[in-house]
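J.: The structure under discussion is supplied below as structure tokens; questions concerning it will follow.
Residue numbers (the working numbering): 0 to 194.
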């Protein structure tokens, strides 16, 4: 049964168990350990809230019956049998272990302590921040050098054109003047030849 409860929790981010409480998956933020220079990535974590929960969750029972391949009444019976085992194991020194989720243990005052199972992300190595900062600084310096380089005249013209600024080179805009001068010379040559 614990396989189905774990799968339901992962898929829905919430699992309510009657008379115990609710398991919720929350994302922890990234943590920086300045003393050792490590950066811990953000990771999901299972939290337990001891609260009154509704006695039945139709979606959970539908999910369990689909997963096991039995009718809903059989799924409800198996779920309540499993919850009864959890409640009886709560008072033992080991507590109730729900594989994939964690361990529940009841204190003398009735408060339930929850210890989450080790997350697979905890087994991954941490990032050494000093190496990352050195690489970041190298990338920033490279970008600054690229921005400070000298552009060719054509690149500057293209940038001005894209920005909508007037060109410094006005010779490209005066082509029509040369065309009129050539037309006048041609008309003058024709007149001189025929007159």
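Every residue, glycine too, gets a C-beta built ideally from N, C-alpha and C.
Can you give me the start and stop residues for the beta strand (DSSP E) that residue 66 sits inside?
T.: Premise fails: residue 66 lies in the alpha helix (DSSP H), 57-67, not in any beta strand (DSSP E).
J.: Can you grab the Cα-Cα spacing for the pair residue 0 / residue 78, in whole Å?
T.: When rounded, the distance between both Cα atoms is 7 Å.
J.: Just the Cα atoms here: how many angstroms apart are residue 112 and residue 104?
T.: Going by the C-alpha atoms only, they are around 5 Å apart.
J.: Contact between the region 49-66 and the region 20-35: three or more CB pairs below 8 Å?
T.: Judged by Cβ distances under 8 Å, the region 49-66 makes contact with the region 20-35, as three or more pairs qualify.
J.: According to DSSP, residue 23 sits in a beta bridge with which residue or residues?
T.: DSSP lists 13 and 46 as partners of residue 23.
J.: For residue 58 versus residue 74, is the C-beta spacing smaller than 8 Å?
T.: Cβ distance not < 8 Å, so residue 58 and residue 74 don't count as in contact.
J.: Since residue 26 and residue 41 are thought to touch, with beta carbons under 8 Å apart, how far apart are those beta carbons, to the nearest angstrom?
T.: Yes, they are in contact, since the Cβ atoms of residue 26 and residue 41 sit about 6 Å apart, within 8 Å.
J.: Residue 102 by DSSP, collapsed to three states: which one?
T.: It is a strand residue.
J.: Which whole-angstrom value is the C-beta distance of residue 96 and residue 16, which I expect to be below 8 Å?
T.: With a Cβ gap of about 14 Å, residue 96 and residue 16 do not count as contacting.
J.: Excluding the five sequence neighbours on either side, which residues of its own chain have a C-beta within less than 8 Å of the C-beta of residue 28, listed in chain order?
T.: Only 41 meet the Cβ criterion.
J.: Could you pull the start and end residues of the alpha helix (DSSP H) that residue 82 belongs to?
T.: Taken as a continuous stretch (DSSP letters only), the alpha helix (DSSP H) holding residue 82 covers 71-88.
J.: I'd like to confirm the pairing. Which residues does DSSP put opposite residue 32 in its beta bridges?
T.: For residue 32, which the question treats as bridged, DSSP gives the partners 37.
J.: Is residue 56 buried or exposed, if buried means 16 or more other CB atoms sit within 10 Å of its CB?
T.: Its Cβ being crowded by 16 or more others within 10 Å, residue 56 is buried.
J.: Using DSSP with H/G/I as helix, E/B as strand and the rest coil, what is residue 194?
T.: Looking at residue 194 - three-state DSSP - the assignment turns out to be coil, as it is neither helix nor strand.
J.: Using the Cβ count rule (16 or more neighbours within 10 Å means buried), how would you classify residue 68?
T.: It counts as exposed.
J.: Mind checking if residue 23 is an interface residue toward chain C, Cβ cutoff 8 Å exclusive?
T.: Note that chain C does not occur in the displayed structure, where there is just one protein chain.
J.: How far does the beta strand (DSSP E) with residue 114 in it extend, from its first residue to its last?
T.: Its beta strand (DSSP E) spans residues 111-115.
J.: Skipping 5 residues on each side, what residues in its chain have a beta carbon closer than 6 Å to that of residue 12?
T.: Answer for residue 12: 24, listed in chain order.
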